[in-house]
Amino acid sequence: MVGRIAFSNFKLDNIILSGIIGYTKPDPRAFEYMIITYKLDPHNCIFIDDQLENIKSAQACSMNGIHLKTICRFS
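Just so we're aligned: 72 in the working numbering is position 58 of the sequence shown, and the numbers increase by one with no gaps anywhere.
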């Protein structure tokens, strides 16, 4: 179960824009780009999305996926 997340406490060091890298979800290259660029262990990554095909693509890249089935407001 995913609880409320206080996004105001997060500091973003990097942002990946699909228009710049040339790959968009659910293309696995979008996830692979992130994993390679930031030298991440995909097993330690969590991808949250409302589209099941995007979750499956992230999981195919060894990331953990959470299918967010309902719309919620983060505050």
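Glycine included, every Cβ here is placed at the ideal spot set by N, Cα and C.
Check	Outcome
Contact between the segment 61 to 76 and the segment 42 to 51 (3+ Cβ pairs under 8 Å)	yes
Burial state of residue 69, where buried means 16 or more other Cβ atoms lie within 10 Å	buried
Own chain, CB closer than 6 Å to residue 79, minus 5 neighbours either side, in chain order	61, 69, 72, 73
Residue 52 versus 64, 65, 28, residue with shortest Cα-Cα distance	28
Straight-line gap, residue 81 to residue 55 (C-alpha atoms, nearest Å)	20 Å
As assigned by DSSP and simplified to three states, the class of residue 36	coil
Which of helix, strand or coil DSSP assigns to residue 28	coil
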